[in-house]
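One structure below.
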Amino acid sequence: MVNKILLTFVAADVLFLATGAVTLGFSLIARQDMTEDATNGREAVRQLIYQNFPFEAGVVNAVFIFVAFVLTLPGIITPTRGWLKLSGFLVVFCALFTLCIGVFLWILTLRMQDRFLGIWTDQNDTVRSLMQTSFECCGYFNSTTPAFITDDICPSPAAAALMRGCVGPVTSFANIFLDDIFTAVFGMVGVDALLIVCTTILLKDRRERERFRHIDEKSGYLRI
């Protein structure tokens with residue numbers, strides 16, 4: 005008879021492994037993308053946001069996830085509970101680690117407008133012009149604060165004065181981008197929580213099976 009509890013645990017375990025793969029892949033790809041030259045303003049904003057991301061923590065978290073997954077394999081194959089308990093503790097650690105990363109990313113969105121002012125002023129004219137072009141704006145708060153970069157969107161002070169500042173569209177784009185990222189991270193915490201629940205249920209099921217097996221052995225009847 006198929007053990008539905010074990011199958012559910014395996015499914016949750018595979019999802020857990022997928023979160024580790026996604027975390028590692030995103031951390032490595034985004035960190036590489038951060039060092040390349042931007043071709044448009046939106047890409048430039050993403051690269052600037054990436055500079056605040058804890059990529060090292062993401063890689064470390066992915067390694068912990070892979071280790072926890074490996075520890076679940078003996079627990080799946082063998083009927084003992086020791087490996088499951090050990091992997092369960094590590095999954096809890098991974099969940100807390102992932103939650104901390106998600107909270108960190110959420111905090112970045114709270115003062116994005118003020119934070120991005122310093123980022124904007126630190127950029128060279130080329131990067132600021134890319135952002136002005138993509139978001140159709142001039143300057144940061146307005147065309148003079150900080151001063152706009154002359155380009156096709158802002159060809160002169162008179163034309164720039166009629167354009168909006170970049171603070172609104174840039175920070176809105178940045179916040180939406182960050183919202184998507186930390187929502188995905190919190191979703192991974194949900195997968196961790198699911199695996200923790202499945203581990204608890206599987207441990208309870210095996211404890212019950214072991215108790216019945218001992219009862220059957222004492223009564224002279226071994227359950228198959």
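Numbering follows our numbering, in which position 29 of the sequence shown is assigned residue number 33; successive positions increment by one, without gaps.
Using N, Cα and C, we set each Cβ at its ideal position, and we do this for glycine too.
Keep in mind the model is a prediction, meaning the values are calculated, not measured.
| Check | Outcome |
| --- | --- |
| I'd like to check one pair, V71 with L94: are the Cβ atoms closer than 8 Å? | yes |
| Where in the stretch 128-161 do unbroken runs of the alpha helix (DSSP H), each at least 4 residues long, occur, reported from the N-terminal end onward? | 129-139 |
| In terms of alpha-carbon separation, which member of I9, V67, F57 and T43 lies closest to S138? | T43 |
| Can you give me the C-alpha to C-alpha distance between A34 and A178, rounded to a whole angstrom? | 15 Å |
| Can you give the Cα-Cα distance for A162 and I185, rounded to whole angstroms? | 39 Å |
| Would you check if the distance between the CB atom of I69 and the CB atom of F20 is smaller than 8 Å? | yes |
| Taking all protein chains shown into account, do 16 or more other C-beta atoms lie within 10 angstroms of the C-beta of L11, making it buried, or fewer, making it exposed? | exposed |
| Between V96 and the rest of its own chain, which residues show a CB-CB distance below 7 Å, the 5 nearest in sequence each way excluded? | I200 |
| So, helix, strand or coil for A42, using DSSP? | coil |
| Mapping DSSP to helix, strand and coil, what is Q55? | coil |
| Are three or more beta carbon pairs between the stretch 163-174 and the stretch 189-204 nearer than 8 Å? | no |
| Just the C-alpha distance for A188 and D17, rounded to the nearest angstrom, thanks. | 18 Å |
| Please name the residue, chosen from I105, G79 and R46, that lies closest to G62 on a Cα-to-Cα basis. | I105 |
| Can at least three beta-carbon pairs, one atom from the stretch 205-214 and one from the stretch 114-132, be found at a separation below 8 Å? | no |
| Using the Cα positions of N7 and K208, report the straight-line distance between them to the nearest angstrom. | 13 Å |
| Assuming contact is defined by CB atoms lying nearer than 8 Å, are I157 and E140 in contact in what I supplied? | yes |
| Short check: CB of T175 to CB of P150, under 8 Å? | no |
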